[in-house]
Amino acid sequence: MVKKQASSIIKKYKAFQYSTSMLIFLACIAIAFTNNTVYSAIALVVALFLLRFSSSFYFRKFILSSLLDKLDAPLYNELAKECKLFHESAIYQLQGEYSLGNYQNVVSICEQQLKKEKIGKQFRFLYLSYLAGIYFDTDNKEKLKEICFRFNLALASESNKDKILKRHPRMAIYTELLDGVCNIPSRPEKLTDSAKISRDFLDARIYLMRGETDEAKRRFEKIINDAPKLNYAKLAAHALEAIENGVDYGEGLEPIVVTEEYAIPKETKAQKFFRKTRPAFRIFAVVIVISCIVIYFIDSKERTEYEAYLEEVRVMVEKDRDGVEVLTAFNLEISGETADSMFICTAEDRLIVASSFSYTGEDDTMFYETKVDIPISALDGLEEPLICDTFNCSTTYFSVESCFFKDKKDMPLFVHLTEFEVNGSTVYFAVTEINVIQGTQAEI
Numbered sequence: 050m051v052k053k054q055a056s057s058i059i060k061k062y063k064a065f066q067y068s069t070s071m072l073i074f075l076a077c078i079a080i081a082f083t084n085n086t087v088y089s090a091i092a093l094v095v096a097l098f099l100l101r102f103s104s105s106f107y108f109r110k111f112i113l114s115s116l117l118d119k120l121d122a123p124l125y126n127e128l129a130k131e132c133k134l135f136h137e138s139a140i141y142q143l144q145g146e147y148s149l150g151n152y153q154n155v156v157s158i159c160e161q162q163l164k165k166e167k168i169g170k171q172f173r174f175l176y177l178s179y180l181a182g183i184y185f186d187t188d189n190k191e192k193l194k195e196i197c198f199r200f201n202l203a204l205a206s207e208s209n210k211d212k213i214l215k216r217h218p219r220m221a222i223y224t225e226l227l228d229g230v231c232n233i234p235s236r237p238e239k240l241t242d243s244a245k246i247s248r249d250f251l252d253a254r255i256y257l258m259r260g261e262t263d264e265a266k267r268r269f270e271k272i273i274n275d276a277p278k279l280n281y282a283k284l285a286a287h288a289l290e291a292i293e294n295g296v297d298y299g300e301g302l303e304p305i306v307v308t309e310e311y312a313i314p315k316e317t318k319a320q321k322f323f324r325k326t327r328p329a330f331r332i333f334a335v336v337i338v339i340s341c342i343v344i345y346f347i348d349s350k351e352r353t354e355y356e357a358y359l360e361e362v363r364v365m366v367e368k369d370r371d372g373v374e375v376l377t378a379f380n381l382e383i384s385g386e387t388a389d390s391m392f393i394c395t396a397e398d399r400l401i402v403a404s405s406f407s408y409t410g411e412d413d414t415m416f417y418e419t420k421v422d423i424p425i426s427a428l429d430g431l432e433e434p435l436i437c438d439t440f441n442c443s444t445t446y447f448s449v450e451s452c453f454f455k456d457k458k459d460m461p462l463f464v465h466l467t468e469f470e471v472n473g474s475t476v477y478f479a480v481t482e483i484n485v486i487q488g489t490q491a492e493i
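Residue numbers (our numbering): 50 to 493.
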C-alpha cells in the first residue's frame, strides 16, 4: 500500500516539475523572439529563479510534506528510496531512519560521516545533534553527556557560535537537563507539524523528569494520537507503560547496538553529472545575462543616435517643406561600401526619398538632395510595382534603379530593401540595380 501511494506521489511530482520547466522554457523562447535584449536578460534571471523556486516548492509539497506535514515516516522513507534522494550529508537518510525509530542506523550513518575528513567537518554539528537526540530519546545519560561534550568542544573553535546554536537549539537544552535544570523551553512561533511533535515529546519528557506524571501522561497520549506513524509514538507508548508500571522511563529500552555499518546511498551518475555541470551552467547563465545587458546598452546608444539623426533630418527638410515626418533612414551599400546615406520621409502629401551629405573640410552642416518625389496616393495602386524610378547617388558615381512594392512575393531580385509604414500600410522600397555611371571616375 505504501509503495503504491509513493509511486502515485512521485508521478505527480515529476509531472509538475517537467510541465513547469517546459512552460518556463517556452516563455523564455517567446520573450527571446521579441528581440528585446533587456527583456531576454530579465526573463533568463526570472526563469532561473523560478526553476530553482519551483524545484524546491514541489520537493517540499510532494516529498518532504509526507514527513513534515503528514507525519508518515514509512511513506517518506519509501519516497526517499524511490526518488534516490541524495545529499552528501545523508540528511534524507538521517531524517528517514530517525523518524522510523531505526536508531542503530542513524548512529551508523553519523559515525561513518564523522570519520570523513571533509563531510565530517562540514556537517559535524548536524551529526552530533542527531546522536544527542537519540541518546536523549533512549535515556542514555552517559552517551548524551559525551555527545554534548563533543559538540561544545567543536563549538569552541567556531566564530559563529550563536548561529550554530540557533540551528541546533536542543543541544543547550540537553546540557541544562544533564545539569538538573528541568525548565520547559520556549517554542519558536513557526514550526512544522513534525517539529511540533518533537517539541511535544521533549516537553512530555521534561514533565516526567519533574515528577508531573499527569501532565506527562496527557502529552504522551496526545503524541500517540497525533503521530501514530512516527518514532515518537513508540517512545510515548513506552513512556506510558513505564508510568503505569511505576518504573523509570529508561527501564526496558533496548540499548543501541550497531552491528553493521549502514549502507549510505551513493550519488547516481545523473546526480553526479548535474552536480558537476551546475556551476558551469550558472556561469554560462551569468555570461548570457551580462551579454544581454551590454547588448541592450549598445542598442540603446545606437537607437538614441539614430533617433537624433532622424530629428536632424526632419529639421533640415522642414526648412523647405511643411509637416515633415521622417519614416526611416538607411545606408545604400554596394560591395561593402556606402553608395549613399538616404532617408525616406513624407511632407505635404508627398513621399520623398533623398540622400543626405555634408562637405569635407567644412562644418557639420548637413544637406540633402531629393531623388524620388511622388504623391503618397501613388502608393495606393493595385498593380505591382506601384511605381519605379531611377536616380544617381549624390556622393558616389552610381546609378540606382528602384521600385515601391506592397507585396514581397511580387518583388524581383533586389540588392537593397527598406521597409516602412505609410498611413497604416507596409511599403517596401526595393533597389533592384546599382550600376556605375558611364564616363565617370568609378568606371575608369
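The beta carbon of each residue, even a glycine, is placed where N, CA and C say it ideally should be. These numbers come from a predicted model, not from an experiment.
For Asp371, tell me which candidate among Leu134, Thr467, Asp459 and Glu397 has the shortest Cα-Cα distance. The shortest C-alpha separation from Asp371 is found at Glu397.
State the beta-bridge partners of Pro424 as determined by DSSP. Checking the DSSP bridge columns, you'll see Pro424 partnered with Arg399.
Per DSSP, what kind of secondary structure is Phe406 in: helix, strand or coil? Looking at Phe406 - three-state DSSP - the assignment turns out to be strand.
When we look at the beta-carbon of Glu127 and count the other beta-carbons within 10 Å, is it buried (16 or more) or exposed? It is buried - the Cβ of Glu127 has at least 16 other Cβ atoms within 10 Å.
Less than 8 Å between C-beta atoms, sequence neighbours within five positions excluded: which residues of the same chain meet that for Arg259? In the same chain as Arg259, and ignoring 5 residues on each side of it, the C-beta atoms closer than 8 Å to its own belong to Cys231, in chain order.
Relative to the alpha-carbon of Ile486, which residue among Ser407, Ser405, Asp459 and Ala388 has its alpha-carbon at the smallest distance? In terms of CA proximity to Ile486, Ala388 leads the group Ser407, Ser405, Asp459 and Ala388.
Helix, strand or coil at Met391 [DSSP, three-state]: DSSP places Met391 in the strand class (E or B) of the three-state scheme.
Using a Cβ-Cβ cutoff of less than 7 Å, which residues in the same chain neighbour Ser407 once the five nearest sequence positions on both sides are dropped? Its chain contains Asp413, Thr414, Met415 and Phe416 as the residues whose beta carbon lies nearer than 7 Å to that of Ser407, once the 5 sequence neighbours on both sides are disregarded; these appear in chain order.
Please report the Cβ distance between Tyr223 and Ala181, rounded to the nearest whole angstrom; I am assuming they are in contact, meaning their Cβ atoms lie under 8 Å. Confirmed, Cβ separation roughly 5 Å.
Residues in its own chain within less than 7 Å of Leu163 by CB, not counting five upstream and five downstream? Excluding residues up to 5 positions away in sequence, Gly169, Arg173 and Tyr176 lie with their Cβ nearer than 7 Å to the Cβ of Leu163 in the same chain.
Strand pairing of His465, partner residues [DSSP]: In DSSP, His465 forms a bridge with Val480.
Let me know the alpha helix (DSSP H) ranges lying completely inside the region 260-336, each 4 residues or longer, listed in chain order. If we require 4 residues or more, the alpha helix (DSSP H) runs fully inside the region 260-336 come out as 262-275 and 280-294.
According to DSSP, is Tyr417 part of a helix, a strand, or is it coil? Residue state, collapsed to three classes: strand.
Rounded straight-line distance, which links the Cα of Gly299 to that of His136: In this structure, the alpha-carbon of His136 lies about 34 Å from that of Gly299.
Under a CB-based cut-off of 7 Å, is Arg331 close to chain D? Note that chain D does not occur in the displayed structure, where there is just one protein chain.
Let me make sure I understand the geometry here. Which of Lys130, Ala96 and Asp348 has the alpha-carbon closest to that of Ile112? Closest by alpha carbon: Lys130.
What residues in its chain sit with their C-beta under 7 Å from that of Leu100, if we drop five residues either side in the sequence? Excluding sequence neighbours, Leu100 sits near Ser70 and Ile73.
Cβ-Cβ separation, Ala55 to Leu124 (assumed contact under 8 Å), whole Å: Sure, about 6 Å apart at Cβ, within 8 Å.
Alpha carbon of Ser405 to alpha carbon of Arg363, nearest angstrom: Those two C-alpha atoms are separated by around 11 Å.
Residue closest to Asn441, alpha-carbon to alpha-carbon, out of Glu360, Leu400 and Ile483: Taking each of Glu360, Leu400 and Ile483 in turn and checking the Cα distance to Asn441, the smallest one comes out for Ile483.
Let me check one thing: in DSSP terms, what residues is Asn201 bridge-paired to? In DSSP, Asn201 forms no bridge with anything.
With C-beta atoms as the reference, is Glu374 less than 7 Å away from Thr395? In this structure, Thr395 lies closer than 7 Å to Glu374 by Cβ.
Quick one: grab the DSSP three-state call for Glu539. The question about residue 539 has no answer, for the chain in this structure spans 50 to 493.
How far does the beta strand (DSSP E) with Val375 in it reach, from first residue to last? Unbroken beta strand (DSSP E) run through Val375: Glu374 to Ile383.
Taking Asp9 as the reference, which of Met50, Ser208 and Val335 has the closest Cα? Shown here, the chain extends from 50 to 493; a query on residue 9 therefore has no answer.
Closest by C-alpha distance to Phe463, when choosing among Ile213, Phe323, Glu450 and Phe469: It is Glu450 whose Cα lies nearest to the Cα of Phe463.
DSSP on Asp438, reduced to helix/strand/coil? Assignment of Asp438 by DSSP, reduced to helix, strand and coil, places it in the strand class.
Just the Cα atoms here: how many angstroms apart are Tyr184 and Lys190? Roughly 7 Å between the two C-alpha positions.
Inter-residue Cα distance where the pair is Glu432 and Ala403: Rounded to whole angstroms, Glu432 to Ala403 spans 24 Å at the Cα level.
Measure the Cβ-Cβ separation of Glu310 and Ser157 and say whether it is below 7 Å. In contact: Glu310 and Ser157 (Cβ atoms closer than 7 Å).
Say yes only if the C-beta of Phe392 is nearer than 6 Å to one or more non-hydrogen atoms of the ligand HEM, and no if none qualify. This structure lacks the ligand HEM; in fact it carries no ligand of any kind.
Proximity below 7 Å, CB of Ile273 to CB of Ala282: In contact: Ile273 and Ala282 (Cβ atoms closer than 7 Å).
Simplified DSSP assignment, three categories, for Glu48: Given that the chain is displayed from residue 50 to residue 493, the structure contains no residue 48 and the question cannot be resolved.
Selected residue, minimal CA-CA separation from Ser247, among Phe198, Leu279, Leu97 and Lys52: Cα-wise, what sits closest to Ser247 is Leu279.
Please name the residue, chosen from Gln66, His217, His465 and Ile401, that lies closest to Glu382 on a Cα-to-Cα basis. When Gln66, His217, His465 and Ile401 are compared, the shortest CA-CA separation from Glu382 is found for His465.
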